[in-house]
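There are 2 protein chains.
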Amino acid sequence: MASRLVLRIQERYAKLTAGEKKLAQLILDRQDDILTHSATEIAEMAGVSKATAARFFQHLGYADFNEVKLQAREERNQSEPYELSVTNSDQMAMGRAIGAHLELELKNLTRTFEEMRSDKIREAAELIDKAPRVWVLGLGAEEGIARYVRLLFSRLRHSVMLLGINQGSWAEDLAMTGPKDVLLLITLPPHPPLLKSILSYAKTSRLNVVTITDRTSLFEMQRVSKVVLPCHVTSFALGASLTAVSSAVRLLALTYAAHAGKSAQQRAEIVDSIKEEFDSFN
Amino acid sequence: MASRLVLRIQERYAKLTAGEKKLAQLILDRQDDILTHSATEIAEMAGVSKATAARFFQHLGYADFNEVKLQAREERNQSEPYELSVTNSDQMAMGRAIGAHLELELKNLTRTFEEMRSDKIREAAELIDKAPRVWVLGLGAEEGIARYVRLLFSRLRHSVMLLGINQGSWAEDLAMTGPKDVLLLITLPPHPPLLKSILSYAKTSRLNVVTITDRTSLFEMQRVSKVVLPCHVTSFALGASLTAVSSAVRLLALTYAAHAGKSAQQRAEIVDSIKEEFDSFN
DNA sequence: GCAATAATGAAACAACAGTTTCATGATTAT
DNA sequence: ATAATCATGAAACTGTTGTTTCATTATTGC
């Protein structure tokens, strides 16, 4: 249930004045701050006077700021904790398709993480920590997310590489792998036959395979992996939903960052600063 | 989420006076209320005078109630942050990490779709339907998801291309674009400077820009886009969360598929059958 | 039971939040 | 260009919050 305040702001956004837009943007961005911050503080953060802030809420139809605060509290008490299913009335408000989509995605996410074992994640993080090199692999539809994963982890540690970055270079890349290296595999059914050959090679060269896949592939993948993190990927159409997968790899990266601690943090800072310099050329 | 306030109360609970125990109980029960309620309100709820409440916080070692409020805010920002740095990820105790992660992601998803306007999605789907060609663009961390988007849509229609697939080919690719083509842009802050130039070119060549971005970039992107679909990307660390973005592009694809109807479905079937044949060779 | 001490609330007070007024600067229409 | 309207911040003002004082009421130790 989006707060009435937010809905009201969006509805009237086009007609707001410059200062009011600053406020609107701030509030939409940081919706929770309405609950915790005073109008004066909000005005300061938005860079307008408190007079403008007071008027803003009046123009939105509230008698005073107190009314805003009370409404926000009331809405929080109704919707907290963040709900896992979408009520029918919610669906009406946002259009059937969006509501149904949201509900399915929430379900995927919730189930994925409720079933996720923190010891497995920690184990995966540890393997990655100990690995001389990390190879990321995603074939077909999973190539995109594999690239994202590589980027995520290469901010946190050295030697994170995409496996088979050009089609056909499997052999070369695989030849470079060593024992204790981690193969971070993202794969959803239908698993292409090519995967089988890569995994059998991985086995012989003693790669530690960390697999992120869907629930139904869990057992199949467990046979060839050290750690498997299964996700719920149910969808209406267009193949599996990557939403929970993307969230799971993110959690893995966060866990790794926590595990690796300072060194990961330092690296992230360095990478950022390099990027900044780089940007100034483009 | 054990706040210092709560710890302090628990530690000293035995030695508290009657009225202070009432306060303590209330605060332990409803920890979030410290963030949202005034000391006066808390006193009332606990059934004590505000004098007692003021003294209570002083006895706990705070200079005044304001210090309590600020500390509570700070602690909330650590477990529910807005900013995009790797700092603090190590402060998360792993057990709770999954729950906290899930909660944050659910919030991102829910807010994203509650605020999403179905007319905008439909408009985007329509633009894509009418476009002779669709160019997908994601720079930096968004390149991965851009590839995924291209794949999704290329199952549904012809002529879906990744823009600047090799760095440096911007110019060539952009030269090939025509009016009514759609540029499907996925971008999150910090937006690289290169984006500006690409967008200004897109404008002159009358590309219809459909942008998927985060809430904070909404207004900035609205100026250069036909349709903007904003997502909530709040995260603990490691930059923006792509979860809601990935879900949003999926919804867009689903909407497009529904819009395009039969033809998209047929195409998907053909693509699938080609892939099957292909697989049998690998 | 009776001081001595501690806890408490009412009221006084100081600080602050939120609203309104007013003067000024910006924008729009003519 | 000029007037008219609008948006805005500074400051005045009002009401609220949080702290402190003080008188009263419980508790404690003896």
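Protein sequence lines correspond, in order, to chains A and B.
In this text, residue positions in the first sequence follow this note's numbering: the first is 1, and each later residue adds one.
In this text, residue positions in the second sequence follow this note's numbering: the first is 1001, and each later residue adds one.
Heads up, the beta-carbon is just placed ideally off N, CA and C, and yes, glycines get one too.
Predicted model, so just to flag it, every value in this text is computed and none were measured.
Backbone secondary structure at residue i - three-state DSSP
i               : result
L1188 (chain B) : coil
L1174 (chain B) : helix
E1083 (chain B) : Below a pLDDT of 50, predicted positions are generally treated as unreliable, and E1083 (chain B), at 40, falls in that range; the measurement from the model is reported next regardless. The answer is coil: DSSP assigns E1083 (chain B) none of H, G, I, E or B.
F236 (chain A)  : coil
S1298 (chain B) : Here chain B comprises residues numbered 1001 to 1282, so residue 1298 (chain B) is not present and cannot be evaluated.
R1155 (chain B) : coil
H1037 (chain B) : coil
D1099 (chain B) : According to the sequence provided, residue 1099 (chain B) is Gly. The question's Asp does not apply to it. Helix, per DSSP.
L195 (chain A)  : helix
S247 (chain A)  : helix
V6 (chain A)    : helix
Q58 (chain A)   : helix
G140 (chain A)  : helix
T1052 (chain B) : helix
L70 (chain A)   : helix
A1063 (chain B) : coil
S118 (chain A)  : helix
E123 (chain A)  : helix
T1017 (chain B) : coil
Q78 (chain A)   : helix
Q1031 (chain B) : coil
S200 (chain A)  : helix
Assigned exposure category for residue i - 16 Cβ within 10 Å defines buried
i               : result
K1130 (chain B) : exposed
Y1013 (chain B) : exposed
S1200 (chain B) : exposed
H1037 (chain B) : buried
K1069 (chain B) : buried
M1116 (chain B) : buried
E1011 (chain B) : exposed
F236 (chain A)  : exposed
Q78 (chain A)   : exposed
R1030 (chain B) : exposed
K22 (chain A)   : buried
T1017 (chain B) : exposed
L1007 (chain B) : exposed
T1112 (chain B) : buried
R150 (chain A)  : buried
N1208 (chain B) : buried
Y1082 (chain B) : In this predicted model, Y1082 (chain B) has a pLDDT of only 41, less than 50, meaning its place in the structure is not dependable; the value taken from the coordinates is given anyway. The residue in question, Y1082 (chain B), is exposed, as its Cβ has fewer than 16 Cβ neighbours within 10 Å.
M1092 (chain B) : Low confidence applies to M1092 (chain B): its pLDDT is 46, below 50, so where it sits in the model is not reliable enough to give any reading.
R157 (chain A)  : buried
L28 (chain A)   : buried
S159 (chain A)  : exposed
E1074 (chain B) : exposed
D330 (chain A)  : Outside the displayed span of chain A (1 to 282) sits residue 330 (chain A), for which this structure offers no information.
G1061 (chain B) : exposed
E1114 (chain B) : buried
G47 (chain A)   : exposed
V1119 (chain B) : In the sequence as presented, Val is not what sits at residue 1119 (chain B); that position holds Asp. D1119 (chain B) should be labelled exposed.
T1211 (chain B) : buried
G138 (chain A)  : buried
E20 (chain A)   : buried
S3 (chain A)    : buried
Sheet register partners of residue i (DSSP bridge)
i              : result
P230 (chain A) : A:T213
L183 (chain A) : A:W135 and A:V209
V160 (chain A) : A:V134
Can you pull out the residues from the region 100-111 of chain A whose beta carbon lies closer than 8 angstroms to at least one beta carbon of chain B?
H101, L102, E105, L106, L109 and T110
Would you call the region 1096-1113 of chain B and the region 1232-1239 of chain B in contact, with 3 or more CB pairs under 8 angstroms? yes
| message | With three or more beta-carbon pairs closer than 8 angstroms as the criterion, would you say the region 140-153 of chain A touches the region 182-190 of chain A? | response | yes
- With a cut-off of 8 angstroms, do at least 3 Cβ pairs link the region 1239-1250 of chain B to the region 239-249 of chain A? yes
* To do: Name, going along the chain, the residues of the region 1148-1167 of chain B whose beta-carbon falls closer than 9 angstroms to a beta-carbon of chain A.
  => Y1148, V1149, R1150, L1151, L1152, R1155 and L1156
Report task. Count the CB pairs spanning the region 1209-1228 of chain B and the region 214-224 of chain A that are closer than 8 angstroms, and state whether there are at least three. Result -> no
Near-chain A residues of the region 1235-1254 of chain B (beta-carbon distance less than 7 angstroms), N- to C-terminal order | F1236, A1237, L1238, S1241, L1242, T1243, S1246, S1247, R1250, L1251, A1253 and L1254
Selection of the region 56-76 of chain A by Cβ proximity to chain B, strictly under 9 angstroms: K69, A72, R73 and R76
Proximal residues, the region 9-33 of chain A versus chain B, C-beta separation under 8 angstroms: Q10, K21, Q25, L28, D29, R30, Q31 and D32
Within the chosen definition, does the region 1253-1261 of chain B reach the region 1190-1200 of chain B through at least 3 CB pairs nearer than 8 angstroms?
no
ask   = Mind listing which residues of the region 1115-1129 of chain B have their C-beta closer than 7 angstroms to chain A's C-betas, in chain order?
value = E1115, M1116 and S1118
When you check each C-beta in the region 1207-1227 of chain B against every C-beta of chain A, which residues fall closer than 7 angstroms? R1215, T1216 and F1219
Exercise for review: Could you name the residues of the region 1166-1198 of chain B whose beta carbon sits closer than 7 angstroms to any beta carbon of chain A, in the order they occur along the chain?
Suggested key: P1192, P1193 and L1194
### Message
At a CB distance below 8 angstroms, what residues from the region 1037-1058 of chain B approach chain A? Give them in sequence order.
### Response
none
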